[in-house]
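Participant:
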Amino acid sequence: MEKPLITIRETKPLVHHITNWVTIYDCANMTRAFGALPVMAHAREEAADMTGIASALVLNIGTLTSDLIGAMIISAKAANEKSIPVVLDAVGVGATKFRDDMAAKILDSVHVDVIKGNYSEIAKLAGEDAQTKGVEATSIEADPKRIAKEYADSRSCVVVMTGKEDIISDGKRGFIVKNGHDSMGSIVGTGCMAASVIGTFAAVNPDYCDAAKDALCYFGIAGELAAEKSGGPGTFKMHFYDEVAGLSDENAQSKLNVEEY
Amino acid sequence: MEKPLITIRETKPLVHHITNWVTIYDCANMTRAFGALPVMAHAREEAADMTGIASALVLNIGTLTSDLIGAMIISAKAANEKSIPVVLDAVGVGATKFRDDMAAKILDSVHVDVIKGNYSEIAKLAGEDAQTKGVEATSIEADPKRIAKEYADSRSCVVVMTGKEDIISDGKRGFIVKNGHDSMGSIVGTGCMAASVIGTFAAVNPDYCDAAKDALCYFGIAGELAAEKSGGPGTFKMHFYDEVAGLSDENAQSKLNVEEY
Amino acid sequence: MEKPLITIRETKPLVHHITNWVTIYDCANMTRAFGALPVMAHAREEAADMTGIASALVLNIGTLTSDLIGAMIISAKAANEKSIPVVLDAVGVGATKFRDDMAAKILDSVHVDVIKGNYSEIAKLAGEDAQTKGVEATSIEADPKRIAKEYADSRSCVVVMTGKEDIISDGKRGFIVKNGHDSMGSIVGTGCMAASVIGTFAAVNPDYCDAAKDALCYFGIAGELAAEKSGGPGTFKMHFYDEVAGLSDENAQSKLNVEEY
Chain A
1 MEKPLITIRE TKPLVHHITN WVTIYDCANM TRAFGALPVM AHAREEAADM
51 TGIASALVLN IGTLTSDLIG AMIISAKAAN EKSIPVVLDA VGVGATKFRD
101 DMAAKILDSV HVDVIKGNYS EIAKLAGEDA QTKGVEATSI EADPKRIAKE
151 YADSRSCVVV MTGKEDIISD GKRGFIVKNG HDSMGSIVGT GCMAASVIGT
201 FAAVNPDYCD AAKDALCYFG IAGELAAEKS GGPGTFKMHF YDEVAGLSDE
251 NAQSKLNVEE Y
Chain B
1001 MEKPLITIRE TKPLVHHITN WVTIYDCANM TRAFGALPVM AHAREEAADM
1051 TGIASALVLN IGTLTSDLIG AMIISAKAAN EKSIPVVLDA VGVGATKFRD
1101 DMAAKILDSV HVDVIKGNYS EIAKLAGEDA QTKGVEATSI EADPKRIAKE
1151 YADSRSCVVV MTGKEDIISD GKRGFIVKNG HDSMGSIVGT GCMAASVIGT
1201 FAAVNPDYCD AAKDALCYFG IAGELAAEKS GGPGTFKMHF YDEVAGLSDE
1251 NAQSKLNVEE Y
Chain C
2001 MEKPLITIRE TKPLVHHITN WVTIYDCANM TRAFGALPVM AHAREEAADM
2051 TGIASALVLN IGTLTSDLIG AMIISAKAAN EKSIPVVLDA VGVGATKFRD
2101 DMAAKILDSV HVDVIKGNYS EIAKLAGEDA QTKGVEATSI EADPKRIAKE
2151 YADSRSCVVV MTGKEDIISD GKRGFIVKNG HDSMGSIVGT GCMAASVIGT
2201 FAAVNPDYCD AAKDALCYFG IAGELAAEKS GGPGTFKMHF YDEVAGLSDE
2251 NAQSKLNVEE Y
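Residue numbers (my numbering), protein chains in the order written: chain A, 1 to 261; chain B, 1001 to 1261; chain C, 2001 to 2261.
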């Protein structure tokens, strides 16, 4: 997409989240900083209705309960019917059996358009041998580029593996996003925010692979710019929001660092 | 009230919140920055007891569930018995039927002293034709000044409609608060924090209409001062807290921008 | 312990939290800033499994429900079996009977290694006459140093009473930590973060009394350094994270302000 930021800021898509209680504020605030409208709503009674007026749905199982997974499935069915993108952030898959089971339950019940996680979370989902240390990736033996492409192909969706380099594939095309900065890992919530940003870009771009690539490039570029001004995680986080809000398509396009594979 | 800030800082009223999971930290932190003591407690088993030691109750339905609404009603009944102010932030009314129904359930079960929302939320509550885009106001056809005054009169309470200009009425008097800055809309949670600030001022001022007016003027003035120093939503939010904590009654009184109607 | 920070940053212990919804982000982010890995997970179905891969468990009853207390007890039993430290932050004990009862339920069901609270919370737990104003300490008549030592002795655990001076005892030894700054009380969540930091230090130091002392000294020193650069609660919080992340064992050891009693 040529100018995703302008499109987001002009159309202000509503991005419905059912997410975790740790980073829920930052997921909302980052969505807002990019120019979209976040709404967080998890009651089963309104889950479908809220998705019904949204342009994208972001699910995050970071602090999942059975009840919350139920609401996610209701909303995802509504999103499937309406053909708006569903992004699943598979936080902590590979850490406990319950997370593995609940992620499987979502994936068996509805179509997820973008499955996102860190290297070990996605490797575990894809059936590889992998453990996650709480919500932190551990190193995996298999090649993430292969996993992303094969898993995306098998599920007819887009797969995003975030890490030092972000791997994105829809089963045919593959992208390696090299934008970003180590400081992004110094604060809690960057991964969750990335899922919100992917949802935001996918809300205005029906090519979800392209949307995920743009989202992670732009997000990473804002992180690079913020890191230049920062002296630690506190100042970094503050500048991160300023840089996202101040980003333009022109500025971002001149800083893209992405390869196809 | 002549010097509300000094009164708040000297008496340190306890402001009990049953609120949403997105902005719960900022509601607490803003209450603290103004000088009051926030407490967030939503278990039904302690809802009435916690309200029983508080000086104001703030309810916010941003991430409502049936269970949470139940706790809100228990607390509001305790507040009514104790004659301390109940502030309801009607977040997202007009977005889903569930929110409309749950807000109505609260309003039918207890006396709410200050009903607060954005233009479309309050218009919807007042029976006008209005939709809310998630938790974001959409433009309404009717005159908000008329809605606020008539709705306040019909419910014998104070009505607050927040937006570019904040409209406040108790059915007889009406105020238009013009303090504030666009930057306040650049971050998530300003509306929720405003309800906390109204609760804080109402905790020390039995004239709730006057308290709401002072609260929104002071809150807006701190926003104006913070905006002067900010380069985006990250720096704005940081300075906002500093300016609130550094505000004095003298400084605020010299910057009031409010009209009667 | 000679160099706790280096040990934390090299071993990156996983610190499992079941905590409150107000400060959950800051508990996680402060744990991360010290160099450990936080994970927040409260579903009963995974509580024991998540604790099973962790090096410490931090429980915080700030926004307790019966259900959440159940998950805490499941996790604490798993921690007891695995012999990893359990830290309980007794937020709001002394404010409502429900909090008193639920704290007692935890303490009757499992072994808690570090019981932490403000002066009135711990005094109440220890059977003294004390009230808590929401989650804010009120002054107590009894001597906190005596309470900490006797209560720790009676329960064979470490007791931490936080306030202007932090009191720590394992029943035999006692410490008075004088590091810290008034600015730490200007933001919501410092107390909760302190419990996370104690959990982080206890994860790498089997002498939990020593770990708690180091944790509160280091935490207080970062607060002192941040306060020097701050103009209010907003700037303070930002700098606080930078100073924690930038702290070294050498720098901290040179600024210790602690007495034995």
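Glycine is no exception: its CB is placed at the ideal position from the N, C-alpha and C atoms.
Quick check on this structure: which residue in B:L1125, B:A1152, B:V1112, B:V1087 has the alpha carbon closest to the alpha carbon of D1101 (chain B)?
Facilitator: What you label residue 1101 (chain B) is simply residue 101 of the second sequence in a count that begins at 1. Here the closest residue by C-alpha is B:L1125.
Participant: Tell me whether the beta-carbon of T132 (chain A) lies closer than 7 Å to the beta-carbon of A95 (chain A).
Facilitator: Working through the first sequence from its first residue, we reach residue 132 (chain A) at position 132. Working through the first sequence from its first residue, we reach residue 95 (chain A) at position 95. Cβ atoms of T132 (chain A) and A95 (chain A): closer than 7 Å.
Participant: Going along chain A in order, which residues have a C-beta closer than 7 Å to the C-beta of E1136 (chain B)?
Facilitator: As a position in the second sequence, residue 1136 (chain B) is number 136, starting the count at 1. Near E1136 (chain B) (Cβ distances below 7 Å), the residues of chain A are L37.
Participant: Using three-state DSSP, classify E1128 (chain B) as helix, strand or coil.
Facilitator: For the purposes of this step, residue 1128 (chain B) is identified with residue 128 of the second sequence, where counting begins at 1. Three-state DSSP puts E1128 (chain B) in coil, outside helix and strand.
Participant: Any beta carbon from chain A within less than 7 Å of R2146 (chain C)'s own beta carbon?
Facilitator: Walking along the third sequence from the start, residue 2146 (chain C) turns up at place 146. So no, R2146 (chain C) is outside the interface.
Participant: Based on DSSP bridge pairs, tell me the residues matched to K116 (chain A).
Facilitator: Residue 116 (chain A) sits at position 116 when you count from the first residue of the first sequence. Its beta-bridge partners are A:D89, A:V160.
Participant: If you drop the 5 nearest sequence neighbours on each side, which residues of the same chain put their C-beta closer than 6 Å to that of T19 (chain A)?
Facilitator: Along the first sequence, read from residue 1 onward, the residue named residue 19 (chain A) stands at position 19. Excluding sequence neighbours, T19 (chain A) sits near C27, N60.
Participant: Can you tell me which residues form a DSSP beta bridge with H16 (chain A)?
Facilitator: Along the first sequence, read from residue 1 onward, the residue named residue 16 (chain A) stands at position 16. The partner list for H16 (chain A) (beta bridge, DSSP) reads A:V39, A:L57.
Participant: So which of B:S1156, B:K1178, B:G1171, B:D1170 has the shortest CA-CA distance to K1164 (chain B)?
Facilitator: On the second sequence, residue 1164 (chain B) is found 164 positions in, with the first residue counted as 1. With distances taken between Cα atoms, K1164 (chain B) lies closest to B:K1178.
Participant: Would the beta-carbon of V204 (chain A) fall within 7 Å of that of P13 (chain A)?
Facilitator: Within the first sequence, residue 204 (chain A) is the residue found at index 204, counting from 1. Within the first sequence, residue 13 (chain A) is the residue found at index 13, counting from 1. Their beta carbons are under 7 Å apart, which means V204 (chain A) touches P13 (chain A) by this criterion.
Participant: Output the boundary residues of the beta strand (DSSP E) element that contains E2228 (chain C).
Facilitator: Here residue 2228 (chain C) corresponds to residue number 228 of the third sequence, with the count starting at 1. Looking at the DSSP string, E2228 (chain C) is not in any beta strand (DSSP E); the run it does join, the alpha helix (DSSP H), is 2208-2228.
Participant: Return the chain-ordered list of same chain residues with a C-beta closer than 6 Å to the C-beta of I1168 (chain B), the five sequence neighbours on each side being excluded.
Facilitator: One-based indexing of the second sequence puts residue 1168 (chain B) at position 168. Within the same chain, I1168 (chain B) has close Cβ partners V1160, F1175, A1212, K1213.
Participant: Looking only at its chain, what residues have a beta carbon closer than 8 Å to the beta carbon of G2070 (chain C), apart from the 5 residues adjacent to it on each side?
Facilitator: Taking the first residue of the third sequence as position 1, residue 2070 (chain C) is located at position 70. R2044.
Participant: Taking 6 Å as the limit between beta carbons, can you name the residues of its chain near A2252 (chain C), skipping five residues before and five after?
Facilitator: On the third sequence, residue 2252 (chain C) is found 252 positions in, with the first residue counted as 1. Closer than 6 Å at Cβ, skipping near neighbours: Y2218, I2221.
Participant: Please work out which residues of its chain come closer than 6 Å, Cβ to Cβ, to P2233 (chain C), disregarding the five sequence neighbours upstream and downstream, and give them in chain order.
Facilitator: Along the third sequence, one-based indexing puts residue 2233 (chain C) at 233. S2186, I2187.
Participant: Let me know if K172 (chain A) comes out buried or exposed under the rule of 16 or more other beta-carbons within 10 Å of its beta-carbon.
Facilitator: Here the question's residue 172 (chain A) lines up with position 172 in the first sequence. K172 (chain A) is exposed by the Cβ-count criterion.
Participant: Starting from I74 (chain A), follow the alpha helix (DSSP H) in both directions and report where the run begins and ends.
Facilitator: Against the first sequence, residue 74 (chain A) aligns to sequence position 74. That run of the alpha helix (DSSP H) goes 66-82.
Participant: When burial is assigned at 16 or more other CB atoms within 10 Å of the CB, is K2097 (chain C) buried or exposed?
Facilitator: Within the third sequence, the letter at position 97 stands for residue 2097 (chain C). Burial call: exposed.
Participant: Could you tell me if G127 (chain A) is buried or exposed, where buried requires 16 or more neighbouring beta carbons within 10 angstroms of its beta carbon?
Facilitator: Within the first sequence, residue 127 (chain A) is the residue found at index 127, counting from 1. Flag for G127 (chain A) reads exposed.
Participant: Using 7 Å as the threshold, is the C-beta distance between G199 (chain A) and T23 (chain A) below it?
Facilitator: The residue you call residue 199 (chain A) lines up with position 199 of the first sequence. The residue you call residue 23 (chain A) lines up with position 23 of the first sequence. Not a contact, by the Cβ cut-off of 7 Å.
Participant: Do the stretch 1135-1142 of chain B and the stretch 1108-1120 of chain B touch if we need at least three Cβ pairs shorter than 8 Å?
Facilitator: In short, these stretches touch, since the Cβ pair count reaches three.
Participant: Report all residues from its chain with a CB closer than 7 Å to the CB of T11 (chain A); omit the five preceding and five following residues, and keep chain order.
Facilitator: Within the first sequence, residue 11 (chain A) is the residue found at index 11, counting from 1. The residues are V204.
Participant: Do we get a CB-CB distance below 7 Å when we pair A2123 (chain C) with the residues of chain A?
Facilitator: Along the third sequence, read from residue 1 onward, the residue named residue 2123 (chain C) stands at position 123. No, no contact with chain A.
Participant: Kindly list the residues whose CB is nearer than 7 Å to the CB of S1230 (chain B), restricted to its own chain and excluding five residues on each side of it in sequence; keep chain order.
Facilitator: As a first step, residue 1230 (chain B) must be located in the second sequence, where it is residue number 230. Same-chain partners within the cutoff: S1183, F1236, H1239.
Participant: Less than 7 Å separating the beta-carbons of T1162 (chain B) and M40 (chain A)?
Facilitator: Within the second sequence, the letter at position 162 stands for residue 1162 (chain B). Within the first sequence, the letter at position 40 stands for residue 40 (chain A). It is not a contact, given that the beta carbons lie outside the stated cut-off.
Participant: Since E1260 (chain B) is in the beta strand (DSSP E), which residue starts that stretch and which ends it?
Facilitator: Looking up residue 1260 (chain B) in the second sequence gives position 260. 1258-1260 is the extent of the beta strand (DSSP E) around E1260 (chain B).
Participant: DSSP on K1265 (chain B), reduced to helix/strand/coil?
Facilitator: The requested residue 1265 (chain B) is not part of the displayed model; chain B covers only 1001 to 1261.
Participant: Taking V1110 (chain B) as the reference, give the member of B:E1141, B:A1078, B:D1089, B:V1093 with the closest Cα.
Facilitator: Counting from one through the second sequence, the residue named residue 1110 (chain B) turns up at place 110. Of the listed residues, the one whose Cα sits closest to V1110 (chain B) is B:A1078.
Participant: Can you list the alpha helix (DSSP H) stretches of 4 or more residues lying completely in the stretch 2132-2187 of chain C, in chain order?
Facilitator: Correct list: 2144-2155.
Participant: Roughly how many whole angstroms lie between the Cα atoms of S1156 (chain B) and Y2025 (chain C)?
Facilitator: Counting from one through the second sequence, the residue named residue 1156 (chain B) turns up at place 156. Counting from one through the third sequence, the residue named residue 2025 (chain C) turns up at place 25. Distance between the alpha carbons of S1156 (chain B) and Y2025 (chain C): 39 Å.
Participant: Output yes or no for whether 7 Å exceeds the beta carbon distance between F201 (chain A) and P38 (chain A).
Facilitator: What you label residue 201 (chain A) is simply residue 201 of the first sequence in a count that begins at 1. What you label residue 38 (chain A) is simply residue 38 of the first sequence in a count that begins at 1. No.
Participant: Could you tell me whether the Cβ of I1061 (chain B) comes closer than 7 Å to any Cβ of chain C?
Facilitator: What you label residue 1061 (chain B) is simply residue 61 of the second sequence in a count that begins at 1. Closer than 7 Å: no.
Participant: What are the residues that DSSP puts in a beta bridge with T96 (chain A)?
Facilitator: Working through the first sequence from its first residue, we reach residue 96 (chain A) at position 96. A:V93.
Participant: Measuring alpha carbon to alpha carbon, tell me which of B:T1065, B:A1056, B:C1192, B:D1210 ends up nearest K1105 (chain B).
Facilitator: Counting from one through the second sequence, the residue named residue 1105 (chain B) turns up at place 105. Looking at the Cα atoms, B:T1065 is the closest of the given residues.
Participant: What is the C-beta distance between A1123 (chain B) and I1147 (chain B), in whole angstroms, given that I count them as a contact (C-beta under 8 Å)?
Facilitator: Looking up residue 1123 (chain B) in the second sequence gives position 123. Looking up residue 1147 (chain B) in the second sequence gives position 147. Right, their Cβ atoms sit about 6 Å apart.
Participant: Distance, Cα to Cα, A56 (chain A) vs D166 (chain A)?
Facilitator: By one-based count along the first sequence, residue 56 (chain A) stands at place 56. By one-based count along the first sequence, residue 166 (chain A) stands at place 166. Distance between the alpha carbons of A56 (chain A) and D166 (chain A) is about 21 Å.
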